[in-house]
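One structure is given here, and the rest of the page talks about it.
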Amino acid sequence: MKRKMAMDTLQFTSITELNLSEMVEFCASLEGPSYRGEQIFSWIYNKGATSFNQMSNIPVSFREQLAVKCRIFQTKMHIITASKDKTEKFLLRLPDNNFIECVLLRDGKRNTVCVSTQVGCAMDCKFCASGILGLKRSLNTGEIIEQILHIKNHLPSNEHITNIVFMGIGEPLANYENVIKALRIINADWGLGIGARNITISTVGVIDGIRRLSREGLKVNLAISLHAPNDAIRNIIVPSNKKTGLRNIIAVAREYFNATRRDICFEYTIIEGINDSKQDAKLLAQTLKGVQCNINILPLNPVKEYNLTPPSPEAVEAFCSILRNHGIVATVRQKKGNNVNAACGQLRLRIQKS
Ligand code: SAH
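With my numbering applied, the sequence shown corresponds to residues -5 to 348, in that order.
Put into structure tokens, the structure is as follows:
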């Protein structure tokens, strides 16, 4: 049965895997004119078509050929859960029966989609649910794009996706090629048409990946998950730091700013008794001195498998005000979607474990 599915998967071309020139080439292989590629993309990315039958300006014979040779979606929506704050969480089934999650966050006029880039994660950060089952595999470009497409098609016609954050399951820069190709499709006029200023990549701090990204000419926002003011603490909660080291992360963050002129966002998951002392706040301010940045404080979202808790709201505020007194822009990220297991990797974990 599994083998049959894999065979089925192989014989189709998946449209969400293709950029425009590949789509044009594909249409040429079916002896269609070059403008067909753009027409098909417009149907999928603009008009929300989910089947070739809907593509009324494409000849029926060509639509039939498309239906035989390719498909629009390789993933299937499995569960949608909504929370009181209108956060919605989507669990998608992949062709190999793995699951990934993506989230829609609503904030005023902003509709942000949080996408996953891998099935699981190899980084093993000691508070994050995504790494508990380890890394199974990276997502292909289409599997990344389809998370956004499913949500776009789910939204009522008066609502639009305004922002994309790569903050779901997985380490985006450990899946570099597929993430960059997806970024270009998200950003392109012929694709989802979302501006680089409205796209954020969040990374644990993969040095080579950040450097490469700074040279892509894409100018997307970069968020770096710091979580500690020094190597002693970071080595414990973010094990990949033993190889990278804070100093190199700060250096490459400066490089990214110099190349893109985009302020760096440092994320700091604050955990009681681990990285939340006043001393930690002072040290953090010193570590980031002179870096063009802001800090996003994320109070820990407790994960059952770890015995960790967030500090009290007062302690979080005290931590922030020390940073602000040192001239750093610090904001506390409001928790969203808690009651739908929307914290990184939680919903998938519940499903894969059951
Ligand atoms: N691998 C990428 C994306 C991870 S998810 C990265 O490391 O940046 C986005 C953010 O959520 C990261 O900063 C991550 O450390 C944080 N996070 C993960 N689990 C969390 C939890 N239980 N509570 C609070 N923040 C969490």
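Backbone N, C-alpha and C define an ideal beta-carbon position, used for all residues, glycine too.
Check	Outcome
For Gly26 and Glu153, the rounded distance between their alpha carbons	34 Å
Beta-bridge pairing of Gly114 - partner residues as DSSP gives them	Leu129
Contained beta strand (DSSP E) runs [length at least 3] in the stretch 262 to 306, N- to C-terminal order	287 to 293
Alpha-carbon spacing of Val109 relative to Ala190, whole angstroms	15 Å
C-alpha distance - Thr405 paired with Leu292, whole-angstrom precision	A question about residue 405 goes unanswered here, because the residues of the chain that appear run from -5 up to 348.
Segment contact, 8 Å Cβ cut-off, at least three pairs: the stretch 193 to 201 with the stretch 226 to 244	yes
Cα-Cα separation, Ile145 to Gln273	43 Å
For Glu19, three-class secondary structure by DSSP	helix
As assigned by DSSP and simplified to three states, the class of Asp183	coil
Nearest to Glu210 (by Cα), restricted to the options Ile218, Asn181, Ser45	Asn181
DSSP bridge partner residues for Leu246 (one or two, in chain order)	For the record, residue 246 in the displayed sequence is Val; it is not Leu. Looking at the DSSP assignment, Val246 forms no beta bridge with any residue, so it has no partner.
Exposure of Asn147, with buried meaning 16 or more beta-carbon neighbours within 10 Å	exposed
8 Å Cβ cutoff met for Asn157 and Arg104	yes
Residue burial classification, Asp183 (beta-carbon count within 10 angstroms, cutoff 16)	exposed
Rounded C-alpha distance that separates Val214 from Arg318	25 Å
The stretch 160 to 174 contacting the stretch 110 to 118, beta-carbon criterion three pairs below 8 Å	yes
Separation of Gly187 from Gly321, as counted between CA atoms	35 Å
CA-to-CA distance, Gly102 to Ile155, given in whole angstroms	12 Å
Asp202 - containing alpha helix (DSSP H), residue span	201 to 208
Distance CB(Met17)-CB(Phe46) smaller than 8 Å	no
C-beta atoms of Asn269 and Ile227 nearer than 8 Å	yes
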